[in-house]
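Numbering (my numbering), first residue to last: 305 to 857. Structure first, commentary second.
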Amino acid sequence: MPNCKQCSTGFEILKEDRALLSKLNMPDPTMCFTCRLKWRLAFYNRRKLYRRKCDLTGENIVSVISPDKPFKVYNVSDWFSDKWDPMEYGRDFDFNRPFFEQINELIQAVPHIALSLMGDNINSDFTNDNYKLKNCYLVFDGERAEDTYYGETFFDLRNCMEFLFLYQSELCYECTGCNNCFNLKYSSFCTSSSDSWFLRDCIGCKNCFGCANLHQKEYHIFNKPHTKEEYEKFMADFQSGHYGAIQEMKKKVREFHLTQPVKATRGVQNVDSHGDNLSNSQNSYYCFDSNDLKDCRYCTNCLLASFDSMDVHVWGDKMERCYNCSAVGAGATNVFMSSYCGVGVSDIYYSYWCTRNCTNCFGSAGLKHKKYCVLNKQYSKEEYEKLVPRIIEHMKKTGEWGEFFPPNISPFGYNETLAQDHFPLKKAEAFEQGYKWSDFEPELQAVKTIPAERLPDDIKDVPDDILNWAIVGEVTEKPYKIVAQELKFYREQNLPIPHRHPDQRHWDRIKIKNPYMIWNRNCAKCQKDIETSYSPDRPEVVYCEQCYLKEVY
Numbered sequence: 305m306p307n308c309k310q311c312s313t314g315f316e317i318l319k320e321d322r323a324l325l326s327k328l329n330m331p332d333p334t335m336c337f338t339c340r341l342k343w344r345l346a347f348y349n350r351r352k353l354y355r356r357k358c359d360l361t362g363e364n365i366v367s368v369i370s371p372d373k374p375f376k377v378y379n380v381s382d383w384f385s386d387k388w389d390p391m392e393y394g395r396d397f398d399f400n401r402p403f404f405e406q407i408n409e410l411i412q413a414v415p416h417i418a419l420s421l422m423g424d425n426i427n428s429d430f431t432n433d434n435y436k437l438k439n440c441y442l443v444f445d446g447e448r449a450e451d452t453y454y455g456e457t458f459f460d461l462r463n464c465m466e467f468l469f470l471y472q473s474e475l476c477y478e479c480t481g482c483n484n485c486f487n488l489k490y491s492s493f494c495t496s497s498s499d500s501w502f503l504r505d506c507i508g509c510k511n512c513f514g515c516a517n518l519h520q521k522e523y524h525i526f527n528k529p530h531t532k533e534e535y536e537k538f539m540a541d542f543q544s545g546h547y548g549a550i551q552e553m554k555k556k557v558r559e560f561h562l563t564q565p566v567k568a569t570r571g572v573q574n575v576d577s578h579g580d581n582l583s584n585s586q587n588s589y590y591c592f593d594s595n596d597l598k599d600c601r602y603c604t605n606c607l608l609a610s611f612d613s614m615d616v617h618v619w620g621d622k623m624e625r626c627y628n629c630s631a632v633g634a635g636a637t638n639v640f641m642s643s644y645c646g647v648g649v650s651d652i653y654y655s656y657w658c659t660r661n662c663t664n665c666f667g668s669a670g671l672k673h674k675k676y677c678v679l680n681k682q683y684s685k686e687e688y689e690k691l692v693p694r695i696i697e698h699m700k701k702t703g704e705w706g707e708f709f710p711p712n713i714s715p716f717g718y719n720e721t722l723a724q725d726h727f728p729l730k731k732a733e734a735f736e737q738g739y740k741w742s743d744f745e746p747e748l749q750a751v752k753t754i755p756a757e758r759l760p761d762d763i764k765d766v767p768d769d770i771l772n773w774a775i776v777g778e779v780t781e782k783p784y785k786i787v788a789q790e791l792k793f794y795r796e797q798n799l800p801i802p803h804r805h806p807d808q809r810h811w812d813r814i815k816i817k818n819p820y821m822i823w824n825r826n827c828a829k830c831q832k833d834i835e836t837s838y839s840p841d842r843p844e845v846v847y848c849e850q851c852y853l854k855e856v857y
């Protein structure tokens with residue numbers, strides 16, 4: 305069993321891993337799954353947005369690149385325009401130097417795109433990784449939403465706020481892993497449910513409160529049936545607009561939910577697949593938060609069909625034969641050790657932001673509609689096919705071949721990336737593990753500053769002037785502001801002002817979802833060995849699938 309070169313932990317390379325690696329013509333990994341994933345995530349800033357200038361036009365823009373960084377940054381439309389030529393940054397490959405030094409210099413030189421957007425959004429400047437948004441704010445990784453704020457990974461939403469993995473829903477607040485829901489509050493892993501509060505793992509429920517594992521129920525409170533009149537009186541007495549009342553109810557719901565079983569892993573319509581939060585997948589192993597996978601391994605957050613791929617975080621969408629990448633998809637085929645390469649690309653190696661039908665590119669950055677390029681320099685087909693094998697042999701000698709971009713050449717600090725979301729580190733820990741760190745904090749314009757604990761308890765007592773306050777959040781002690789659309793939502797839905805910074809609220813939801821890990825433990829009902837995303841030291845009552853289905857159906 306090899307030891308991970310990053311954390312020294314022993315890890316297993318299965319025969320099925322080697323079969324797919326052989327098919328992809330890739331060497332054995334030198335790091336464990338977690339460290340491989342952390343390296344990929346450390347190259348991916350999705351949620352940290354900054355105001356800065358476009359270095360091409362001088363206009364004010366929003367970007368994932370903070371203004372203190374040395375890179376040139378272009379607005380999305382300008383980056384895709386013919387106003388500049390990424391080939392001007394091309395250079396010869398130097399066989400006397402490691403490859404990663406050379407790609408780092410290229411990534412620093414080529415202008416960066418401000419945001420990852422597909423198409424134009426309407427009144428939704430502070431968003432990223434999105435498509436077809438209208439009146440949205442701080443939402444990421446999704447498509448088709450209107451009047452929606454503070455969330456990640458979604459499609460087809462209206463008037464939703466504070467969410468993670470939410471689909472085809474309306475008027476939902478603080479929901480995680482929910483689909484086809486309406487007017488659902490503080491709930492997780494629910495489907496086709498409405499007008500309910502504090503649900504977990506419920507399907508087809510309406511007018512329910514604090515319930516878990518219910519199907520097609522109405523007027524239930526903590527899993528007990530009530531008359532319509534009893535339920536309505538309970539809801540009339542519940543002070544949903546009071547922060548203190550919500551916090552007390554969260555504790556009560558948490559205690560009750562811990563008495564109700566959870567299934568070892570969540571997933572639907574999977575065949576011979578292993579992981580958590582999977583759907584419609586076949587023959588896939590150790591994959592998470594993905595759907596429509598076939599013959600994939602160690603993939604995370606890959607949606608809309610992926611095939612024969614391994615160690616990919618994010619995207620998918622008819623992705624095939626991709627390995628050790630972050631953010632690749634939309635017809636991407638044969639893409640290796642690359643980041644942000646998609647939309648009809650193929651045969652891409654070690655490249656960054658190469659898109660729109662690029663093919664046969666190696667070690668390139670910022671290319672569109674190009675082929676046979678190395679370090680942004682154009683070659684003939686014959687020259688390219690002679691040069692690339694020489695570079696690969698060189699990288700094998702330097703120990704670089706097959707490894708993802710090392711974190712010390714990431715454009716981002718660890719704390720700006722998805723790595724911090726899923727594997728949080730302190731600054732000293734990040735440096736010790738070879739990552740960067742960003743100390744840049746944009747100035748928050750506010751008339752006055754107030755600690756969160758001094759906010760009015762009842763939403764009805766919150767003045768309009770709160771829009772001019774900087775609120776110092778619990779836990780992180782980072783200041784944040786309330787925007788007008790957000791305040792309107794709280795008042796209309798009778799919900800209290802949150803006491804935590806948006807980042808902390810996001811991290812709280814990630815904890816609901818469970819980590820990208822699988823543990824061995826015993827079914828709490830039949831005691832048989834199970835594999836689960838709930839670690840053995842957690843307090844949940846975890847059932848195997850058979851016992852869970854008997855219990856809830």
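By construction, the Cβ of each residue, glycine as well, lies at the ideal position given by its N, Cα and C atoms.
In this model, residue 738 and residue 314 are separated by some 20 Å (Cα to Cα).
For residue 548, the secondary structure class from DSSP, reduced to helix, strand or coil, is helix. In this structure, residue 847 keeps its C-beta atom at 8 Å or more from the C-beta atom of residue 818. Between the C-alpha atoms of residue 646 and residue 492 there is a straight-line separation of about 32 Å. Note that the C-beta distance between residue 410 and residue 382 is not below 8 Å. In the three-state reduction of the DSSP assignment, residue 516 falls in the strand class, which pools E and B.
According to the DSSP assignment, residue 851 belongs to the alpha helix (DSSP H) that extends over 849-856. Note on geometry: alpha-carbon atoms of residue 333 and residue 696 lie some 16 Å from one another.
Secondary structure note for residue 339: its alpha helix (DSSP H) is the uninterrupted segment 337-345. For residue 573, no pairing in a beta bridge is given by DSSP. Of all alpha-carbon atoms in 760, 844, 614, 796, the one lying nearest the alpha-carbon of residue 317 is that of 614. Excluding five sequence positions before and after residue 478, the CB atoms of its chain that fall closer than 6 Å to its own CB belong to 466, 490, given in chain order.
Within the DSSP secondary-structure output, residue 423 pairs in no beta bridge. Residue range 685-702 is occupied by the alpha helix (DSSP H) that includes residue 695. Put simply, the backbone Cα of residue 450 is about 42 Å away from that of residue 321.
In the DSSP assignment, residue 380 falls within the alpha helix (DSSP H) that extends over 380-383. Closest by C-alpha distance to residue 600, out of 611, 607, 343, 387, is 611. The residue from 426, 692, 752, 416 with its alpha-carbon nearest to that of residue 774 is 752. The three-state secondary structure of residue 326, taken from DSSP, is helix.
For residue 469, the closest of 438, 606, 398 by C-alpha to C-alpha distance is 606. In the DSSP annotation of this structure, residue 352 is not part of any alpha helix (DSSP H), being labelled neither H nor E. Inside the region 603-669, DSSP marks whole beta strand (DSSP E) runs of 3 or more residues at positions 604-607, 614-620, 627-633, 637-640, 643-646, 650-653, 663-666, from first to last along the chain.
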